[in-house]
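If you're matching positions, the sequence shown starts at 1 in our numbering and goes up one per residue. No residue lacks a Cβ here, since even glycine has one placed at the ideal position from N, Cα and C. Nothing here was measured: the structure is a model prediction, and the numbers come from that model.
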Amino acid sequence: MKKRIITFAIALLCLFAFNKPVSAKPITFTFTAIPDQNSARLNERFEKVALYLSKELGVPVQYIAVKSYSASVAAFKNNQVQLAWFGGLSGVQARQAVPNSVAIAQGEEDTGFITYFIANTSTGLLLSEDFPKEMESKTFTFGSKGSTSGRLMPEFYIRRNFGEAPRGVFKKVGFSGDHSKTIALVQSGSYQVGATNFKVWESEVKAGNVDPKKVRVIWQTPTYPDYNWTIRGDVEKSFGEGFIQKVQNALLEMNDPELLESFPRKRFIPADNSMYQPILDTAVEIGIIRR
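Laid out in C-alpha cells, this is it:
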C-alpha cells in the first residue's frame, strides 16, 4: 500500500509538472526611423536608444531599420513598428494612415528647423540673404522624395520663386536618398546645387566630411516644424493603459549626452499633431498630399 501511495504521488507531481502553464513571451515594442543619413551611423544610434527605452518602459524594445522614408511609413501603417522617428512630412503621412496616432515628442531644434541650399564652389554662387535665383538652369539634387527638409520645403521655395516645378527650372533634377549623400554629390560636382537639412550639414562638418573649398551654403529657408516621435493610437491595446504617456515621458527624460548628441538634439520636448499643420498645408499646396 505504501508503495502504491508513493507511486501515485510521483505520478501526480509529474502531471502537474507537464501541465504547468508556460510563461508567455513578453511582447516586443518596436520602432523605426527615417533613413536620413549614413545607415551604419543610424544603426549605432538607435540600438542604444532601444536599450534605453527597454530599461525605462520595462518591456523588450527593438529598433527595425528601413531602407527609405516610404518604407518607414509603411512599417508604421502595417503595425510592424509602433513608434517612429519621422520627419515632418513622413510623420503627417503616417498619422493620416493610422487613425488616432499622435506626435508625442520633438527635438528642441525641431520647432524651428532649416534647410540649407548648398552649391559646388565651381558655380561661383555665394551665401546670400536673398533666394539664389542664379542657380536656375544648373543641376540640382534633393534628398529623399519623402523628406521634409530635403524635398518638401526646398521644392516649396523653388516653386514660389520661379513660378514652376523644379524640372522646369533646372537642367537636371535628382534625388540622392539622404542628406549625407546630397552633400557628397554636390561636393564632388555630380550635382551643382542641392538641398540638405542644417543638422546633417553641421554633423558632416564636425566629422570632417565637408571641404569648404568645394561646397558651401548659399541660402537658408525660413524656419518650419520638422522631426517628431509618433506613436500608434492603438498601442495601449497591447501594452496597457497609460503606455503612450509612459513612452512620452521616457523620451522627454532622455538626458544622456551621448544619446542626444547622436540625433543631434539638445533635448526632446512635447509635441502634438497640430504643430505639423503647416507641413500638411505645404504638402497639399505642392501636390505631394491630396486631401
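With 16 other Cβ atoms within 10 Å as the buried cut-off, status of S144:
It is buried - the Cβ of S144 has at least 16 other Cβ atoms within 10 Å.
Would you tell me roughly how many angstroms separate the C-alpha atoms of S23 and V59, rounded to the nearest one?
Since pLDDT at S23 reaches only 44, below the 50 mark, its modelled position is unreliable, and no value is offered.
Beta-bridge partners of V217, as assigned by DSSP:
Paired residues: I118.
Give me, in chain order, the residues of the same chain whose beta-carbon lies closer than 8 Å to that of E253; leave out the 5 immediate sequence neighbours on both sides.
So the qualifying residues of the chain are E56.
Between T230 and S70, what straight-line distance do the alpha-carbon atoms span, to the nearest angstrom?
For T230 and S70, the distance between alpha carbons rounds to 15 Å.
Does DSSP put T59 in a helix, a strand or coil?
Checking the sequence shown, residue 59 turns out to be Val, not Thr. Secondary structure at V59: coil, using DSSP grouped into helix, strand and coil.
Beta bridge counterpart(s) of T196 as assigned by DSSP
T196 pairs with Y116.
With distance defined between alpha-carbon atoms, name the residue in F29, N100, N209 and M153 nearest to G287.
Nearest of F29, N100, N209 and M153 to G287, Cα basis: M153.
Q106 in three-state terms, based on DSSP
Strand.
What span of residues does the alpha helix (DSSP H) with G168 cover, start to end?
Annotation: the continuous alpha helix (DSSP H) that includes G168 extends over P166 to V169.
Mapping the DSSP letters down to three states, classify T141 as helix, strand or coil.
In the three-state scheme derived from DSSP, where H, G and I count as helix and E and B as strand, T141 is classed as strand.
Would you say I196 and G150 are within 8 Å of each other, going by their C-beta atoms?
Here the sequence assigns Thr to residue 196, which means Ile is not the residue at that position. Against a cut-off of 8 Å, the Cβ pair of G150 and T196 comes out as a contact.
Assuming contact is defined by CB atoms lying nearer than 8 Å, are S68 and A84 in contact in what I supplied?
The answer is no: Cβ separation not under 8 Å.
N- and C-terminal bounds of the beta strand (DSSP E) containing N249
First-last for N249: F243 to L252, but that is the alpha helix (DSSP H), not the beta strand (DSSP E).
To the nearest angstrom, how far is the alpha carbon of F162 from that of F170?
F162 and F170: Cα-Cα distance of roughly 11 Å.
Apart from the five residues just before and just after S262, which ones in its own chain have a Cβ nearer than 6 Å to its Cβ?
R45, listed in sequence order.
Would you call the CB atoms of S147 and N38 closer than 8 Å?
No.
Does the structure place the region 200-219 close enough to the region 74-83 that three or more beta carbon pairs sit under 8 Å?
These segments do not touch.
Using DSSP with H/G/I as helix, E/B as strand and the rest coil, what is A207?
Of the three classes helix, strand and coil, the one that applies to A207 here is coil, per DSSP.
DSSP three-state call for G91: helix, strand or coil?
In this structure, DSSP gives G91 a helical state, which the three-state scheme calls helix.
I'd like the span of the beta strand (DSSP E) that includes A71, first residue to last.
If you look at A71, you'll find it isn't in any beta strand (DSSP E); it sits in the alpha helix (DSSP H) that goes Y69 to K77.
Measuring straight from C-alpha to C-alpha, what distance separates A271 and N228?
Approximately 7 Å between the Cα atoms of the pair.
C-alpha distance - R232 paired with V215, whole-angstrom precision:
If you draw a straight line from the Cα of R232 to the Cα of V215, it is about 40 Å long.
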